[in-house]
Amino acid sequence: NLTNTSGVAERSPSWSPDGKWIAYFSDESGEYELHLRDQKAAGEVKKIKLEKSFYYSPNWSPDSKKIAFSDKRLNIWYVDVEKGTPVKVDTLSRGFSLASNWSPDSRWLTYAKPLKSWYNAVYVYSLEDAKSHQLTDGLSDAASPVFDRSGKYLYFTASTDIGPTNGGLDMSTLP
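According to my numbering, the residues represented by the sequence shown are 125 to 299, in order.
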């Protein structure tokens, strides 16, 4: 038991790639914060204040310096651990998957975002420029983007048969 707390909700632990830290959400203060704890439970817990919300899935960058996560308001965030200030990447209009994935150099986040057409498009967010860029054209439903190990390619699923249903029969390939 790393935290030895009672009466506190601590959720979604995530181990840093370098093996030094465990990130998790805690409501110890009365509102959820992102806590970073030494994996040996030594030293003080680093606490990063967040906006009032419910948070999901802390996802460390490959360099163990940043953490991406999402909230119940369909926002995607990241925080530079050293700076400790959360940065909003984007807000989705609807959806169930708020998963974002890091590039191997930890300079980009990729995610799928719903368009007005109800299709999803693949986006990348540049941490350097603080801007999102739509990569797919929106003519197919694209989802689950991930970078390859070299960072040269971006893989994602795409379905061209999604659309309105007739009589409740849905022939799309969505899960």
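Positions of the beta carbon are idealized from the N, C-alpha and C atoms, including for glycine. Please read these numbers as outputs of a predicted model, since none were measured by experiment.
DSSP state of Asp214, grouped into three classes?
For the purposes of this step, residue 214 is taken as the residue at position 90 of the sequence shown. It is a strand residue.
Just verifying my parser: in three-state terms, what is the DSSP assignment at Val205?
To locate residue 205, count along the sequence shown from 1; it is residue 81. Here Val205 sits in coil by DSSP.
Name, in chain order, the residues that DSSP records as bridge partners for Phe271.
Start at 1 with the first residue of the sequence shown, and residue 271 comes out as number 147. For Phe271, which the question treats as bridged, DSSP gives the partners Leu278.
Spatial neighbours of Lys190 within its chain, please: CB distance less than 7 Å, with the 5 preceding and 5 following residues excluded, ordered by chain position.
In the sequence shown, residue 190 corresponds to position 66, counting from 1. For Lys190, where only same-chain residues beyond five positions count, the Cβ hits under 7 Å are Tyr202, Val203, Asp204, Val205 and Ser230.
Identify, in the order they occur along the chain, each residue of the same chain with its Cβ nearer than 7 Å to the Cβ of Arg273, setting aside the five sequence neighbours on each side.
Here residue 273 is taken as the residue at index 149 of the sequence shown, counted from 1. Cβ within range, chain order: Pro228.
Quick one: using the 10 Å Cβ neighbour count with 16 as the cut-off for buried, is Thr129 buried or exposed?
Working through the sequence shown from its first residue, we reach residue 129 at position 5. Per the 10 Å Cβ criterion, exposed.
Taking just the CA atoms, how far does Ser217 sit from Val246?
For this step, residue 246 is matched to residue 122 along the sequence shown. For this step, residue 217 is matched to residue 93 along the sequence shown. Looking at the two C-alpha atoms, the distance is approximately 14 Å.
In this structure, how does DSSP classify Gln163 when only helix, strand and coil are distinguished?
On the sequence shown, residue 163 is found 39 positions in, with the first residue counted as 1. Here Gln163 sits in coil by DSSP.
How would you label Asn125, buried or exposed, when you count the other beta carbons within 10 angstroms and need 16 or more for buried?
Here residue 125 refers to the residue found at position 1 of the sequence shown. Asn125 should be labelled exposed.
Could you tell me the distance, in whole angstroms, from the CA atom of Gly208 to the CA atom of Tyr277?
Residue numbering aside, residue 208 sits at position 84 when the sequence shown is read from its first letter. Residue numbering aside, residue 277 sits at position 153 when the sequence shown is read from its first letter. Roughly 30 Å between the two C-alpha positions.
Answer yes or no: do Pro141 and Ser188 have a C-beta to C-beta separation smaller than 9 Å?
Mapped onto the sequence shown, residue 141 falls at position 17. Mapped onto the sequence shown, residue 188 falls at position 64. Yes, these two residues count as a Cβ contact at 9 Å.
Can you say whether Ala166 is buried or exposed, counting buried as having 16 or more other CB atoms within 10 angstroms of its CB?
If you number the sequence shown from 1, residue 166 lands on position 42. When all chains shown are included, Ala166 counts as exposed.
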